[in-house]
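**Student:** Got a structure for you, questions after.
Protein chains: 2
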Amino acid sequence: MSPKITTELLKHLRQVMKNPRYVQEPVQAYIVPSGDAHQSEYIAPCDCRRAFISGFDGSAGTAIVTEQHAAMWTDGRYFLQAAHQMDSNWTLMKMGLKDTPTQEDWLVSVLPEGSKVGVDPFIIPADQWKRMSKVLRSAGHDLVPVKENLIDTIWTDCPQRPCKPLITLDLSYTGVSWRDKIVALRSKMAERKVMWFVVTALDEVAWLFNLRGSDVEYNPVFFAYAVIGMNTIRLFIDGDRMMDPAVREHLQLDSTLEPEFKIQVLPYGSILSELQAVGAGLSPKEKVWLSDKASYALTEAIPKAYRYLTPYTPICIAKAVKNPAETEGMRRAHIKDAVALCELFNWLEKEVPKGTVTEIVAADKAEEFRSQQKDFVELSFATISSTGPNGAIIHYKPVPETNRTLSVNEIYLLDSGAQYKDGTTDVTRTMHFGTPSAYEKECFTYVLKGHIAVSAAIFPNGTKGHLLDSFARSALWDCGLDYLHGTGHGVGSFLNVHEGPCGISYKTFADEPLEAGMIVTDEPGYYEDGSFGIRIENVVLVIPAETKYNFKNRGSLTFEPLTLVPIQTKMIDVNLLTEKERNWVNEYHQQCREVVGAELERQGRHEALRWLLRETEPLAPVQ
Amino acid sequence: MSPKITTELLKHLRQVMKNPRYVQEPVQAYIVPSGDAHQSEYIAPCDCRRAFISGFDGSAGTAIVTEQHAAMWTDGRYFLQAAHQMDSNWTLMKMGLKDTPTQEDWLVSVLPEGSKVGVDPFIIPADQWKRMSKVLRSAGHDLVPVKENLIDTIWTDCPQRPCKPLITLDLSYTGVSWRDKIVALRSKMAERKVMWFVVTALDEVAWLFNLRGSDVEYNPVFFAYAVIGMNTIRLFIDGDRMMDPAVREHLQLDSTLEPEFKIQVLPYGSILSELQAVGAGLSPKEKVWLSDKASYALTEAIPKAYRYLTPYTPICIAKAVKNPAETEGMRRAHIKDAVALCELFNWLEKEVPKGTVTEIVAADKAEEFRSQQKDFVELSFATISSTGPNGAIIHYKPVPETNRTLSVNEIYLLDSGAQYKDGTTDVTRTMHFGTPSAYEKECFTYVLKGHIAVSAAIFPNGTKGHLLDSFARSALWDCGLDYLHGTGHGVGSFLNVHEGPCGISYKTFADEPLEAGMIVTDEPGYYEDGSFGIRIENVVLVIPAETKYNFKNRGSLTFEPLTLVPIQTKMIDVNLLTEKERNWVNEYHQQCREVVGAELERQGRHEALRWLLRETEPLAPVQ
């Protein structure tokens, strides 16, 4: 990787920072955050403005350019990568280290008195604007919204905003029609006494209307906003996508509908002016509901007294609780995904000893097998295919420079998943194609114990996921080991592979309680820098648990694994397992055999079936 | 309990709310919080203003009186008690229930436009003022500080503020001199670039100067403030306590000292004016450090730009990490405490079958045995002595109306502790003096498993206590059971039995990480309304743990029980224990035998020693 030369770009940016064509008054600093106007985690190429200006293309980072300085804040995952990708114009601000200033504090330390700090009000979330502007104001500076994105003004070959065709999902996939979702949303709105709801997150728009797109890689979403009133529905979307007869039919655009279900289609770019009009027309006590992470621009469109902001929107919460149709879809998707992985691992077992399989080859092969499955759409994230020391890089993605050949002497870690029309998958398996060392087996078994501790946990209704995180670590902690990431995240239903509002992590306390129907991952790991990485990840469904007693009639929950891919028994030190854990593994493998075995049989994949049967032999008894 | 008749009192209060002698402008509402000017959990009788005006004397509750209404907010522990103690003038606001308005929302709903809401600025913490005043202001009202406490103006027989003699603690108890504590504090101040530190919490003043008092029952503290500058020490304290030669000698008041260690003694009541003078004399960049829970009055004395507020003060954090002298003192105190409890339980075993021992008699007997021990000062909280259904009332304190006789047919729960000059104790044991049912044993054993899971947990340095809370619940959760309180709290060293900044609870995420030397309780429980209560509580010391590996060189921690009182084996269903748990119990009991046995022998308490030996027989092997 050679760094991007940014001298000219920065010069150009500093010019437009003073150019009255773009800024009312010159700005002495300009902030380039990571996100897009929807605060998405995965973004389209046209939104990779921070990567454009700096060269650093990791998933998290904020650039700030002043007349004298250019600085980049990113976290521990990306210190090395950012240092490689940026030239000497840039200062790397290592977040999480003690001496690294916050963006605000740094700005205060470098800016001349009474400076203006500009930012695109569509990209910065309202809560972040508030925090930042408070600090700047108290130091005598001003955070100012710059309407035109200054990066866009200098990005001459900026790719177009994607505008790909939509996929309509019928009831067999979604379980609930978009009309019924609107009805449910309006009833939540009535409960909170709000008159309007603004849908800003792309996956929320997609979920609400039972539509999918492909504007962003890996995430089946499309650029759009929606504003739902008690009697109106406005959808802000561009292109000729609304000309598609299937979409028109799906949204009943040409039917005579009750007026409250009539969808008014408006240009994507008109959201701000339409919302300002809504804001201007509010009567006292008419509130507008927005996510507190919505952009500053949209939040400001509603006068403060009329805003109703919550960390999680009612759509985010409804979307997290999968209905039976979605759950069944997720089950089907996971069976197909397991078929693909049985094929892959069977293939790897044969090919790895030949010394010709690289991480990239293995990743491509995984995609190939997945793409053979019904309703396959695309991958759900960039495959993490890593062997030996690369496995210890938690967010590794093989590229030619780092591409390593799989061998019988190293642990191989594959974290991968796909979007199928009926569901989203995300699974990690850690395999050894030769003979693992006692130490590797020991570490693998601790991780497995943690995986089982979460998967088999029984907990009261109303428990938040973060309360389960320590269960995943306990076996590792006992031996002085640990892993430095959370244990699980929510998973969408043919939607984003990461979704709120629930998860299993020591870091988040703002998560919503787990309830039956929610789907999360269970993925503890252990990473030894320079040697290997281990992670065992299943997607699991929250289900009611039967218990002997029922304190305060609260009811209990537990998890059911949706992922049904064998866990390599060769890596397990059976003597470190309790009887209960051993039974868990055997029952899990029995289920893989029955469910995935039947599908392999049906698809005539006999060799992979034999592999599955071999890999799911019961564990030897604990000695 | 008959309710307090408050009609005349409320009439009187409403008069002073309009009396220009006390208020600059009439206030339409007056708030009476629970606390004192130091935000103490336990308060002196003269500070029980909320109990005086309402009759409700629980430990938590806020009264608000308007011209038309009188309302009391309290939590689930006190719904019944508050309803019994208050007359019909009062409306009970049940906190935690869905339909209960917050104090602010309620005020907004009942107040006439543009109202003034008064509160004593010394009693309300600054963070609470901020929250409340924001809501009131946005609804067109004003929160106003009322200098003179309006309850005090109508409380004609208000007890005097206590002003009891002080106890000086030498190095053998404290391990560190007050001078060295000041030096350490000033170095923390220099690190944060603050010039002044204001000590507002009573236990922080006591700890800093190695002094103790008895102004508040159960808490060995005294009414005082301190303001520490980089070169000055000001102690605000009343009475002739500074005339005591031992105190003068201890504080070196009459010695020729370096000026920066010279303590300037000022009247308790002069804190505000002195602090205002400090505030007025600050140069730019001179910050003043206060707890964010300090009173609004003291916080306001410092202009906003000069305030440095943190949730935990450096004293709070330093105080939590016990030094070797303190740890040794705590050990000694717990051995003496165990001697007293061995005597008590031996006595109860003989006396309970006679049917003459009530909860109050048992509590008194516990105090009697404790008071026989060296350096006993007083109890550390009101003894929870509860049998049968009373045990299910988590914060029960026996009173004549509820006093129940212990019997061989009911579970008895004793949660008690004492202040010794060398340490503070807090221990809960649950006993059966007849034959427990299989169900009682089952529940007890789940609680014991939870207790052991925390006590034996190994976890990385830097782990916050709340991440351990679920370990205590796992065995109960497996069977659909749970308990509705946290698992542990910090314990002072001959100081408050509840202290920050660490603890073990699912409720708190603002706790500081556990570190070696901290002392907390481990007290899971199970409560069956109307039947029985079970709790097993030890005070435990955080110690370094030896582990097989040492990830990222972080080091690991675990707990060592300081409490050494047998856990009744009769209540244990051994078949529900794992081998590891059984060993834990046997090793714990072996330690009780050795350590407490030796002390019983030394004190010639042979009958109690025989009881101890009987109660610490190893458990039968797991079948």
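Protein chains in written order, with full-length UniProt numbering: chain Y, 1 to 623; chain S, 1 to 623.
By construction, the Cβ of each residue, glycine as well, lies at the ideal position given by its N, Cα and C atoms.
1. Taking the alpha-carbon positions, what's the Leu272 (chain S) to Lys293 (chain Y) distance?
2. Name, in chain order, the residues that DSSP records as bridge partners for Gln264 (chain Y).
3. Counting only the same chain and skipping the five closest in sequence on each side, list residues whose C-beta sits under 7 Å from that of Phe197 (chain S).
4. Of all Cβ atoms in chain S, is any one closer than 7 Å to the Cβ of Gly391 (chain Y)?
5. At least one CB of chain S closer than 7 Å to the CB of Thr66 (chain Y): is that the case?
6. Quick one: grab the DSSP three-state call for His498 (chain S).
7. Just how far apart, CA to CA, sit Ser172 (chain S) and Ala325 (chain S)?
8. Would you please state the rounded distance, in angstroms, between the beta carbons of Asn461 (chain S) and Glu515 (chain S)? I believe it to be under 8 Å.
9. Are the Cβ atoms of His12 (chain S) and Ile123 (chain S) separated by less than 7 Å?
10. When you compare only the Cα positions, how much space is there between Asp180 (chain S) and Glu368 (chain S)?
11. Taking the CB atoms as reference points, tell me whether Ala139 (chain Y) and Val108 (chain Y) lie closer together than 7 Å.
12. When you compare the CB positions of residue 653 (chain Y) and Met86 (chain Y), do they come within less than 7 Å of one another, or not?
13. Please classify Thr91 (chain S): does DSSP put it in a helix, a strand, or coil?
14. Counting beta carbon pairs with one atom in the segment 194 to 210 of chain Y and one in the segment 313 to 330 of chain Y, are three or more of them shorter than 8 Å?
15. At a CB-CB cut-off below 7 Å, which residues of chain S make contact with Lys548 (chain Y)?
16. Taking the beta carbon of Ser115 (chain S) as the centre, do at least 16 other beta carbons fall within 10 Å, making it buried, or is it exposed?
17. Residues of chain S with CB closer than 7 Å to the CB of Tyr506 (chain Y), please, in chain order.
18. Is the segment 25 to 35 of chain Y touching the segment 123 to 134 of chain Y in the sense that three or more CB pairs, one from each, lie closer than 8 Å?
19. Is DSSP giving Asn550 (chain S) helix, strand or coil here?
20. Taking just the CA atoms, how far does Ala472 (chain S) sit from Val199 (chain Y)?
21. Between Phe559 (chain Y) and chain S, is the shortest Cβ-Cβ distance under 7 Å, so that the two count as touching?
22. So if DSSP puts His432 (chain S) in a beta bridge, which residue, or which two residues, is it bridged to?
23. Quick check on the DSSP output: the beta strand (DSSP E) that includes Glu528 (chain S) runs from which residue to which?
24. Sorted by chain position, which residues of the same chain lie with C-beta nearer than 6 Å to Val361 (chain Y)'s C-beta, five sequence neighbours on each side aside?
25. Under 8 Å by Cβ, that's how I've got Ser386 (chain S) and Pro398 (chain S) pegged, so tell me the actual separation to the nearest angstrom.
26. Taking a cut of 7 Å between CB atoms, which residues from the segment 432 to 464 of chain Y lie near chain S?
27. Using a Cβ-Cβ cutoff of less than 6 Å, which residues in the same chain neighbour Val585 (chain Y) once the five nearest sequence positions on both sides are dropped?
28. In angstroms with no decimal places, state the Cα-to-Cα distance between Val16 (chain S) and Glu8 (chain S).
29. Does the count of Cβ pairs from the segment 400 to 410 of chain Y and the segment 305 to 316 of chain Y closer than 8 Å reach three?
30. Using 10 angstroms around the beta-carbon of His606 (chain S), count the other beta-carbons present and answer buried if the total reaches 16, otherwise exposed.
31. Alpha carbon to alpha carbon, what distance is there between Tyr549 (chain Y) and Glu440 (chain S)?
32. Would you tell me roughly how many angstroms separate the C-alpha atoms of residue 635 (chain S) and Val216 (chain S), rounded to the nearest one?
33. By the three-class DSSP mapping on this structure, what secondary structure does Pro245 (chain S) have?
34. Exposed or buried, what is Arg14 (chain S) when buried is set at 16 or more other beta-carbons lying within 10 Å of its beta-carbon?
35. Below 7 Å on C-beta distance, what does Ser470 (chain S) contact in chain Y?
36. Taking 7 Å as the limit between beta carbons, can you name the residues of its chain near Pro621 (chain Y), skipping five residues before and five after?
**Tutor:** Concretely, from the data shown:
1. Here residue 272 (chain S) refers to the residue found at position 272 when the second sequence is read from its first residue. Here residue 293 (chain Y) refers to the residue found at position 293 when the first sequence is read from its first residue. Going from the Cα of Leu272 (chain S) to the Cα of Lys293 (chain Y) covers about 42 Å.
2. Translated into the one-based positions of the first sequence, residue 264 (chain Y) becomes position 264. Partner(s): Y:Arg234.
3. Residue numbering aside, residue 197 (chain S) sits at position 197 when the second sequence is read from its first letter. Apart from the 5 residues on each side of it in sequence, Phe197 (chain S) sits with its Cβ closer than 7 Å to the Cβ of Leu185, Met189, Ile228, Trp289 in its chain, given in chain order.
4. Along the first sequence, read from residue 1 onward, the residue named residue 391 (chain Y) stands at position 391. Judged by the 7 Å Cβ criterion, Gly391 (chain Y) is not in contact with chain S.
5. In the first sequence, counting from the first residue as 1, residue 66 (chain Y) sits at position 66. Not closer than 7 Å to any Cβ of chain S, the Cβ of Thr66 (chain Y) fails to qualify, so no.
6. Counting from one through the second sequence, the residue named residue 498 (chain S) turns up at place 498. His498 (chain S): coil per DSSP, three-state reduction.
7. For this step, residue 172 (chain S) is matched to residue 172 along the second sequence. For this step, residue 325 (chain S) is matched to residue 325 along the second sequence. So the alpha carbons of these two residues sit roughly 6 Å apart.
8. Residue mapping note: residue 461 (chain S) aligns to position 461 of the second sequence, counting from 1. Residue mapping note: residue 515 (chain S) aligns to position 515 of the second sequence, counting from 1. About 7 Å; that satisfies the 8 Å criterion.
9. Mapped onto the second sequence, residue 12 (chain S) falls at position 12. Mapped onto the second sequence, residue 123 (chain S) falls at position 123. With a cutoff of 7 Å on beta-carbon distance, His12 (chain S) and Ile123 (chain S) are scored as not near each other.
10. Taking the first residue of the second sequence as 1, we reach residue 180 (chain S) at position 180. Taking the first residue of the second sequence as 1, we reach residue 368 (chain S) at position 368. Near 38 Å, if we compare the C-alpha coordinates of Glu368 (chain S) and Asp180 (chain S).
11. Numbered from 1 along the first sequence, position 139 holds the residue referred to as residue 139 (chain Y). Numbered from 1 along the first sequence, position 108 holds the residue referred to as residue 108 (chain Y). Against a cut-off of 7 Å, the Cβ pair of Val108 (chain Y) and Ala139 (chain Y) comes out as a contact.
12. This structure gives no information on residue 653 (chain Y), because the portion of chain Y shown stretches from 1 to 623.
13. On the second sequence, position 91 is the one that residue 91 (chain S) refers to. Strand, per DSSP.
14. yes
15. The residue you call residue 548 (chain Y) lines up with position 548 of the first sequence. Here the neighbours are Cys479, Gly480.
16. Here residue 115 (chain S) corresponds to residue number 115 of the second sequence, with the count starting at 1. That one is buried.
17. Position 506 of the first sequence, counting from 1, holds the residue named residue 506 (chain Y). Under the 7 Å cutoff, chain S gives Leu467.
18. yes
19. To locate residue 550 (chain S), count along the second sequence from 1; it is residue 550. Note: Asn550 (chain S) maps to coil in three-state DSSP.
20. Residue numbering aside, residue 199 (chain Y) sits at position 199 when the first sequence is read from its first letter. Residue numbering aside, residue 472 (chain S) sits at position 472 when the second sequence is read from its first letter. In a straight line, the C-alpha of Val199 (chain Y) is about 41 Å away from that of Ala472 (chain S).
21. Along the first sequence, one-based indexing puts residue 559 (chain Y) at 559. It does not; no Cβ of chain S falls within 7 Å.
22. As a first step, residue 432 (chain S) is located in the second sequence; it is residue number 432 there, counting from the start. Answer is S:Ile411.
23. By 1-based counting over the second sequence, the position of residue 528 (chain S) is 528. Here the beta strand (DSSP E) through Glu528 (chain S) covers 525 to 528.
24. By 1-based counting over the first sequence, the position of residue 361 (chain Y) is 361. Taken in chain order, the list of residues that qualify is empty.
25. Reading the second sequence from its first residue, position 386 is the one you call residue 386 (chain S). Reading the second sequence from its first residue, position 398 is the one you call residue 398 (chain S). Right, their Cβ atoms sit about 7 Å apart.
26. Ile458, Phe459, Pro460
27. Position 585 of the first sequence, counted from the start, is the residue given in the question as residue 585 (chain Y). Taken in chain order, the residues that qualify are Leu619.
28. Against the second sequence, residue 16 (chain S) aligns to sequence position 16. Against the second sequence, residue 8 (chain S) aligns to sequence position 8. The alpha-carbon atoms of Val16 (chain S) and Glu8 (chain S) are separated by roughly 13 Å.
29. Cβ pair count under 8 Å is below three, so no.
30. If you number the second sequence from 1, residue 606 (chain S) lands on position 606. So His606 (chain S) counts as exposed.
31. Translated into the one-based positions of the second sequence, residue 440 (chain S) becomes position 440. Translated into the one-based positions of the first sequence, residue 549 (chain Y) becomes position 549. If you take the alpha carbons of Glu440 (chain S) and Tyr549 (chain Y), they lie about 13 Å apart.
32. The question about residue 635 (chain S) has no answer here: the residues shown for chain S are numbered 1 through 623.
33. The residue you call residue 245 (chain S) lines up with position 245 of the second sequence. Helix, per DSSP.
34. Residue numbering aside, residue 14 (chain S) sits at position 14 when the second sequence is read from its first letter. Its Cβ being crowded by 16 or more others within 10 Å, Arg14 (chain S) is buried.
35. Position 470 of the second sequence, counting from 1, holds the residue named residue 470 (chain S). Those are Leu467, Leu468, Ser470, Phe471, listed as they occur along chain Y.
36. The residue you call residue 621 (chain Y) lines up with position 621 of the first sequence. Sequence-distant Cβ neighbours of Pro621 (chain Y) in its own chain, meaning closer than 7 Å and more than five residues away, do not exist here.
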